[in-house]
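I have placed the structure first, in the form of structure tokens, so that the comments after it can refer back to it.
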Amino acid sequence: MTAVLQTAPVEAVPNYRVSLRKFTRNKLAVAGLAVVLLFLLFCFVGPLLHSTDQTHTDLGQVNLAPGGAHWLGTDAVGHDELGRLMYGGKVSLLVGLAAGILATVIGTLWGAAAGYAGGWVDAVMMRVVDAGIAIPALFILLVVSAITTPDTAGLILVLGLVSWLVPSRLVRAETLTLKSRDYVLTLRATGGTHTRAITRHILPNSVSTIVVAATFQVADAILLVAYVSYLGLGVQPPKTDWGGMLSAGLTAAYSGRWWLIVPPGLAIILVVCAFNAIGDGLRDAFDVRGRG
Amino acid sequence: METLAYLARRTAQALVVILIVTVVVFCLLHALPGGPARGILGPQATAQQIAAFDHDQGLDRPLPVQYVYYLRTLLHGDLGTSYTLNEAVSQLVGQRLPKTLVLTVLSAVVGLLLAVPLGMWQAVRRNKPADYVITTLSFVAYSTPVYFLGLILVLVFTQELNWFPSQAPQGDTPAQVFADPVALVLPVVTGAASMVAVFSRYMRAATLENLSEDYVRTARAGGSRQGAILFRHVFRNSLTPVIAMLGYYVPVLFGGALVVEQLFNYPGMGLLFWSAAQSSDYPVLLGCVLVISVATVVGTLLADVVQRIVDPRVKAGRA
């Protein structure tokens, strides 16, 4: 009897406890999480322990090799490189996180709307995504740099607008399978609105897909932030980010001042790797489809 | 028959995508500060001059009319004229594109030649040290900004060891480029690195999937040796989807070429685009974007069709 009366959808509830256990067993993913936390501490708490002046130049202290008071040396205008790594990391991490999350939000809304609407609306919306993917992001960013130099908020917006396409495809695919589930059909039959179907059922049930997509988006966004200074879109001096430090250090590196490029380069690689490892771990733990 | 219908539908989709790309490029053209008139006449132009120019060029007409006009010139192969080089954009692209193709195709070939055996080896040695080491290396390669990698390579192989020059081969034709193969090493390796990372992952996954298929078990039960199974069956079946992925990878290859060409001063389309951005040469910028996007759409189309033909299991699931 009880089996007949049981009406709860068997497939709907993702088991987060099982997922968490799976995630914590993935050594690479846990290491990634540790690296991200360490870098957040380094960039946001670090300046309290190692306070440096990153606004004013100090021409008596330029191009010092690592050692003494400056563990990582100084740059061409006398900024302490270790302090600058913290200072630039703040911008890189904030812009990367914000742009990655913005891209995921745009992609999620677009993908859910397209998949839920179906028919020709879906077809048109997805062709727009195809068109966006066909234009390489670096080219668009370079065109934007020819037109204007955005401030930090503008930069986040631009990066978000060029990178929401992949999550929109993933969320659309998820929506297509979810919208024919019984609980969505029931809601519609009893007079629930489309908005309610999307916000109450489809998006909550896509959370694992969205979270995994967001993690990879952040990894890609931090990498993209590393390119923007190189492309001429970056934050303006005396502010900087890791990509800006790299670009500024390019010529210095040829004259042997490796300490201007190796630390920011390694920081970018480590953080991007870490976010990708977390994304891989989450994807396997939630058992959802995602990149690579 | 079914395949033909699929081909027709998929081609129609691709045309729609290209049409949307032209709309985007058209909008960008009109989002420029001061519009095309300011771009051509320069910052010194007076309001009257701009108004006259706009009238001459039909720029004072409604946007939809202008768009149709724009499409018509595109269909005639006219991408506009460069502001700074005083040459047709189509001609500039025609000169530069072959050289960029040399660079990207070489990078793709070198990347695949490394990625395929690495991925297979990882699959066979799954969860053994070799697998972990290569996985970690691919993560690092994927996460390294292309220009940082190129810089490190130049510092090590040009400055320290003096094995390869830091400047790519110069020359107007692909033949001249091939005449100096040593100078091609660093640009090609830089372009191939992230390719190795991504495609060894694909190859590893595809090989693992095939290794768990029934036909492998049957072959094993029938007494075939591991090596024979790998090379006779698994290799072929895993390779096709991976090769098809190349089509989706076209925009990344072009993005990489943009940076590599600038870094090594290789006179291809990427460098053309780069210098156009420095001089705000909008016709060149947008012409290049258009050409690259069309190449990407065609690449994706080919990838879909190839996958559909070689793997009957792939049904028209991608709407």
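As you go down the protein sequences, you meet chains H and U in turn.
Sequential numbering of the first sequence, starting at 1, is according to full-length UniProt numbering.
Sequential numbering of the second sequence, starting at 1, is according to full-length UniProt numbering.
Just so you know, even glycine gets a beta-carbon here, dropped at the ideal spot from N, CA and C.
A quick note: this is a predicted structure, and the numbers were derived from the prediction, not measured.
Subject >> C-alpha gap between U/Q13 and H/N205, whole angstroms >> reply: 30 Å
Original post:
Can we say the region 106-116 of chain U touches the region 213-220 of chain H, given the rule of at least three CB pairs closer than 8 Å?
Top reply: no
Subject >> Three-state class that DSSP yields for H/T74 in the structure shown >> reply: strand
Original post:
Can you name the residues of chain U whose CB is closer than 7 Å to the CB of H/D130?
Top reply: V17
Original post:
What number of angstroms, rounded off, separates the C-alpha of H/M125 from the C-alpha of U/S275?
Top reply: Taking C-alpha positions only, H/M125 is separated from U/S275 by approximately 34 Å.
Original post:
When you compare only the Cα positions, how much space is there between U/E87 and U/T81?
Top reply: Their backbone Cα atoms lie some 6 Å apart in a straight line.
Original post:
Considering only C-alpha positions, which residue in the set U/F235, U/D54, U/E209, U/F157 is nearest to U/L184?
Top reply: U/F157
Subject >> Local Cβ density within 10 Å of U/L163, reported as buried at 16 or more and exposed below that >> reply: Sequence check: residue 163 of chain U is Trp here, not Leu. If you draw a 10 Å sphere on the C-beta of U/W163, you find fewer than 16 other C-beta atoms in it, and that means exposed.
Original post:
Between the region 222-236 of chain H and chain U, which residues of the former have a C-beta closer than 7 Å to a C-beta of the latter?
Top reply: L223, A226, Y227, Y230
Subject >> Cross-chain neighbours of H/C43 in chain U, by beta carbon under 9 Å >> reply: For a Cβ distance threshold of 9 Å, nothing in chain U lies close to H/C43: the least Cβ distance comes to about 18 Å.
Original post:
What residues of chain H sit near U/V110, judged by a beta carbon separation below 7 Å?
Top reply: Near U/V110 there are no residues of chain H at all, since even the closest Cβ is about 20 Å away, more than 7 Å.
Original post:
Three-state secondary structure (DSSP) at U/D304?
Top reply: helix
Original post:
Any beta-carbon of chain H closer than 9 Å to the one on U/C27?
Top reply: No, its Cβ sits nowhere closer than 9 Å to a Cβ of chain H.
**OP:** Give the residues of chain H in contact with U/L258, contact being defined as C-beta atoms less than 8 Å apart.
**Re:** P136, L138, F139, L142
Subject >> H/A277 at chain U interface by Cβ criterion, 9 Å >> reply: yes
Original post:
So, does the CB of U/F254 fall closer than 9 Å to a CB anywhere in chain H?
Top reply: Yes, contact with chain H.
**OP:** Take U/V234 and list the residues in its own chain whose beta-carbon comes closer than 8 Å to its own, dropping the five residues that flank it on each side.
**Re:** Once the five neighbours on either side are set aside, the close Cβ partners of U/V234 are M120, T207, N210, L211, V216.
Subject >> Helix, strand or coil at U/G94 [DSSP, three-state] >> reply: helix
Original post:
On the three-state DSSP scale, how would you describe H/G67?
Top reply: strand
Subject >> Selection from H/K239, H/A112, H/G243, H/G154 that minimises the alpha carbon distance to residue 299 of chain H >> reply: Residue 299 of chain H lies beyond the residue range present for chain H, which begins at 1 and ends at 292; the question has no answer from this structure.
**OP:** Anything in the region 142-173 of chain H with a Cβ closer than 8 Å to a Cβ of chain U? List those residues in chain order, please.
**Re:** Residues of the region 142-173 of chain H with a C-beta atom less than 8 Å from some C-beta of chain U are L142, V143, S145, A146, I147, T148, listed in chain order.
Original post:
Do H/D287 and H/N26 have their C-beta atoms closer together than 9 Å?
Top reply: For H/D287 and H/N26, no; Cβs fall outside 9 Å.
Original post:
Per DSSP, which one or two residues make a beta bridge with U/A88?
Top reply: U/T81
Original post:
CB-CB under 8 Å to H/V77, same chain, minus the five flanking residues each way: which ones, in chain order?
Top reply: Excluding residues within five positions, the ones whose Cβ falls inside 8 Å are T57, D58, L59, V62.
**OP:** Counting only the same chain and skipping the five closest in sequence on each side, list residues whose C-beta sits under 8 Å from that of H/L40.
**Re:** L93
**OP:** Pick helix, strand or coil for H/D80, following the three-state DSSP scheme.
**Re:** strand
Original post:
Can H/F39 be considered in contact with the ligand COA, in the sense that its beta carbon sits closer than 8 Å to one or more heavy atoms?
Top reply: What this structure holds is no ligand at all, so the ligand COA is not there to describe.
**OP:** Using only alpha-carbon positions, find the residue among U/N237, U/V289, U/D54 that is nearest to U/E213.
**Re:** U/N237
Subject >> Contacting residues, own chain, Cβ-Cβ under 8 Å from U/A47 (five flanking each side not counted) >> reply: none
**OP:** Tell whether a beta-carbon distance below 9 Å holds between U/A257 and U/A303.
**Re:** Taking 9 Å as the Cβ cut-off, U/A257 and U/A303 do not qualify as a contacting pair.
Original post:
What three-state label does DSSP hand U/S280 in the structure shown?
Top reply: coil
Subject >> C-alpha gap between U/L29 and H/G160, whole angstroms >> reply: 21 Å
**OP:** Look at the Cβ atom of residue 374 of chain U, then the Cβ atom of U/E261, and state whether they are nearer than 9 Å.
**Re:** The structure shown does not extend to residue 374 of chain U, since chain U is modelled only from 1 through 319, so no value can be given for it.
**OP:** Look at U/T296 and H/I261 and say whether their C-beta atoms are less than 9 Å apart.
**Re:** no
Original post:
Expressed to the nearest angstrom, what Euclidean distance is found between the alpha-carbon atoms of H/I156 and H/A219?
Top reply: So the alpha carbons of these two residues sit roughly 14 Å apart.
Original post:
For U/S293, which residues of its own chain have a beta-carbon under 6 Å away from its beta-carbon, when the five flanking residues on both sides are left out?
Top reply: V21
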